[in-house]
Amino acid sequence: MTTTITNSILTAQINHLGAELFSLKNNQNKEYIWDGNPDFWGKHSPILFPIVGTLNNNSFHYQGVDYHLSRHGFAREMEFTLVEKSATSATFRITSDAETVKKYPFEFELDLIYTLSKNRLIIEYKVSNTSNTAMPFSIGAHPAFALPNAFENYALEFATDESLDYYLLENDLISNTTKTISLHNNQLPLAYELFANDALILKKLNSNAVSILENSKPILKVSFENFPSLGLWTKPNAPFLCIEPWFGYSDTRESNGNLFDKEGIQILEQEATFESRFSIEII
8 MTTTITNSIL
18 TAQINHLGAE
28 LFSLKNNQNK
38 EYIWDGNPDF
48 WGKHSPILFP
58 IVGTLNNNSF
68 HYQGVDYHLS
78 RHGFAREMEF
88 TLVEKSATSA
98 TFRITSDAET
108 VKKYPFEFEL
118 DLIYTLSKNR
128 LIIEYKVSNT
138 SNTAMPFSIG
148 AHPAFALPNA
158 FENYALEFAT
168 DESLDYYLLE
178 NDLISNTTKT
188 ISLHNNQLPL
198 AYELFANDAL
208 ILKKLNSNAV
218 SILENSKPIL
228 KVSFENFPSL
238 GLWTKPNAPF
248 LCIEPWFGYS
258 DTRESNGNLF
268 DKEGIQILEQ
278 EATFESRFSI
288 EII
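In our numbering, the protein residues as written are 8 to 290.
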């Protein structure tokens, strides 16, 4: 099933499987979300929960039991329920069940709220801990934006002129190797060579927004004020780029398997609710 929300400027379509945004068009019918061609990458904008990235050995332990949790968690593979809908907004929900606790022994409720406001799509995450204990989790976005012209015609413009210190991945885990990219006038020209070693993992950055420029002209801006980390990713020769605001990231080889000790993890107390949001602004 899919749900559509629209206003006078934008139309967004969301698949109930994973509550995944798969289309965002302006009123000229221009598409901004990657079409999911499986020859490159068969997704559009999956949610990453209850982990972001990969665990060491794809597992963790809790109260003497080992659990297996695959990369980016399981929310993206679950059917969400549409719990509220208006012309310009839709709220989707999953809750923990007998299957999720086999992989992640905590009870939760997860809402994704999509809202159109003029030329912006606001995506809100709401995580409620319904367990009788504190709950460790990560959550993140993975939107892929269509870049239909030559990749080198595009650049990223950061809100702050800064140096980007990023960590290299090794077998999907964060290595101890870092590299630095210096921006020029806040901008990073895109080239596939940047992603020769997979994603750029920015554990911390000063900017709270990144714009995509096409031939030096901004076409969209992703704003993520409260997200501490960011991933940037594409596949070789693929006509898309992912801009991924995160709370959390992959393990290292030295990670001890205790989620409560995991670098970048969020700890949500019993009966507490976590909320965050980011937005995609069409320029």
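For every residue, glycine included, the Cβ atom is placed at its ideal position computed from N, Cα and C. Computed from a predicted structure; not experimentally measured.
Does DSSP classify residue i as helix, strand or coil?
{"i": "Phe158", "result": "helix"}
{"i": "Val229", "result": "strand"}
{"i": "Ala203", "result": "coil"}
{"i": "Asn136", "result": "strand"}
{"i": "Arg78", "result": "coil"}
{"i": "Arg127", "result": "strand"}
{"i": "Asp268", "result": "helix"}
{"i": "Glu116", "result": "strand"}
{"i": "Arg83", "result": "helix"}
{"i": "Thr3", "result": "Outside the shown range of the chain (8 to 290) lies residue 3, about which nothing can therefore be said."}
{"i": "Asn213", "result": "coil"}
{"i": "Asn63", "result": "helix"}
{"i": "Lys109", "result": "helix"}
Using CA coordinates, which residue listed in the options is at the minimum distance from residue i?
{"i": "Glu159", "options": "Glu131, Lys110, Lys50 and Ile219", "result": "Ile219"}
{"i": "Val59", "options": "Pro235, Ile287, Ile289 and Gln277", "result": "Pro235"}
{"i": "Phe285", "options": "Lys133, Thr241 and His79", "result": "Lys133"}
{"i": "His51", "options": "Gly25, Leu76, Asn33 and Lys211", "result": "Gly25"}
{"i": "Val72", "options": "Ser283, Gly264 and Lys269", "result": "Gly264"}
{"i": "Glu278", "options": "Ile120, Pro243 and Phe115", "result": "Phe115"}
{"i": "Ser182", "options": "Leu62, Gly49 and Lys32", "result": "Leu62"}
{"i": "Thr137", "options": "Arg127, Asp168, Ser103 and Ser124", "result": "Ser103"}
{"i": "Leu197", "options": "Asn215, Asn213, Ala216 and Ser223", "result": "Ser223"}
{"i": "Glu106", "options": "Glu84, Gly147 and Lys92", "result": "Glu84"}
{"i": "Pro53", "options": "Ile146, Glu221 and Lys269", "result": "Ile146"}
{"i": "Tyr199", "options": "Lys242, Tyr256 and Asn233", "result": "Lys242"}
Should residue i and residue j be called a contact, given that it needs their Cβ atoms to be closer than 7 angstroms?
{"i": "Ala151", "j": "Phe247", "result": "yes"}
{"i": "Ile272", "j": "Pro112", "result": "no"}
{"i": "Leu275", "j": "Phe281", "result": "yes"}
{"i": "Val229", "j": "Ile208", "result": "no"}
{"i": "Thr9", "j": "Gln20", "result": "yes"}
{"i": "Ala206", "j": "Trp253", "result": "no"}
{"i": "Tyr69", "j": "Lys110", "result": "no"}
{"i": "Asn193", "j": "Phe165", "result": "yes"}
{"i": "Phe56", "j": "Ala82", "result": "yes"}
{"i": "Leu117", "j": "Ile101", "result": "yes"}
{"i": "Pro225", "j": "Ile120", "result": "no"}
{"i": "Trp41", "j": "Ala153", "result": "yes"}
{"i": "Asn213", "j": "Glu169", "result": "yes"}
Which whole-angstrom value describes the C-beta separation of residue i and residue j, a residue pair presumed to lie in contact below a C-beta threshold of 8 angstroms?
{"i": "Val108", "j": "Thr98", "result": "No, Val108 and Thr98 are not in contact; Cβ-Cβ is about 24 angstroms, not under 8 angstroms."}
{"i": "Leu31", "j": "Leu17", "result": "6 angstroms"}
Quiz item: Contact between the region 177-196 and the region 254-263: three or more CB pairs below 8 angstroms?
Solution: Contact between the region 177-196 and the region 254-263 is present: 3 or more CB-CB pairs across the two stretches fall below 8 angstroms.
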